[in-house]
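So the structure is just underneath, and the comments pick up after that.
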Amino acid sequence: DAFDKFYDEEVVMQDNDYPAREGKNVNREYEEAFVNGLTEFRGAKVLNTLVSDDLAVTEWWFDYTHKDYGTRNYRQLAVQRWKNGKIVEEKFYYNN
Numbered sequence: 013d014a015f016d017k018f019y020d021e022e023v024v025m026q027d028n029d030y031p032a033r034e035g036k037n038v039n040r041e042y043e044e045a046f047v048n049g050l051t052e053f054r055g056a057k058v059l060n061t062l063v064s065d066d067l068a069v070t071e072w073w074f075d076y077t078h079k080d081y082g083t084r085n086y087r088q089l090a091v092q093r094w095k096n097g098k099i100v101e102e103k104f105y106y107n108n
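Going by the working numbering, the sequence shown opens with residue 13, and the numbers climb by one from there.
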């Protein structure tokens, strides 16, 4: 899958100023738990993308309902740092 193909074994991921999560397995579990908590998914769309050298920034729009977070409709920035064809760092910025 895309997670195996594009994420480094030592990837560090973080949401806003919450503690960072280190390692592919920890981050996969976190992302799977999030997806498994969705009770309704109404949409997601890439609004803008910027790529420069080892940096990629994607602006997303999301609309969903989650068992823990309730109804959400918001924009998010995902900032990725790449090395040797893999994402080594990804930070998500959002206010919802």
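The beta carbon of each residue, even a glycine, is placed where N, CA and C say it ideally should be.
By the 10 Å Cβ neighbour count, where 16 or more other Cβ atoms means buried, how is Glu102 classified, buried or exposed?
Here residue 102 corresponds to residue number 90 of the sequence shown, with the count starting at 1. With 16 or more Cβ atoms within 10 Å of its Cβ, Glu102 is classed as buried.
Thinking C-beta only, is Gly49 closer than 9 Å to Asp75?
Residue numbering aside, residue 75 sits at position 63 when the sequence shown is read from its first letter. Residue numbering aside, residue 49 sits at position 37 when the sequence shown is read from its first letter. Going by beta carbons, Asp75 and Gly49 fall outside the 9 Å limit.
Below 6 Å CB to CB, which residues in the same chain sit around Leu59 once its five sequence neighbours on both sides are set aside?
Counted from its first residue, the sequence shown places residue 59 at position 47. Glu71 and Trp73, listed in sequence order.
DSSP three-state call for Asp80: helix, strand or coil?
The residue given as residue 80 occupies position 68 in the sequence shown. Coil, per DSSP.
Which of the three DSSP states is assigned to Tyr30 in this structure?
The residue you call residue 30 lines up with position 18 of the sequence shown. Here Tyr30 sits in coil by DSSP.
What does DSSP give as the partner residue(s) for Arg87 in the beta ladder?
The residue labelled residue 87 in the question sits at position 75 within the sequence shown. Bridge partners of Arg87: Trp73.
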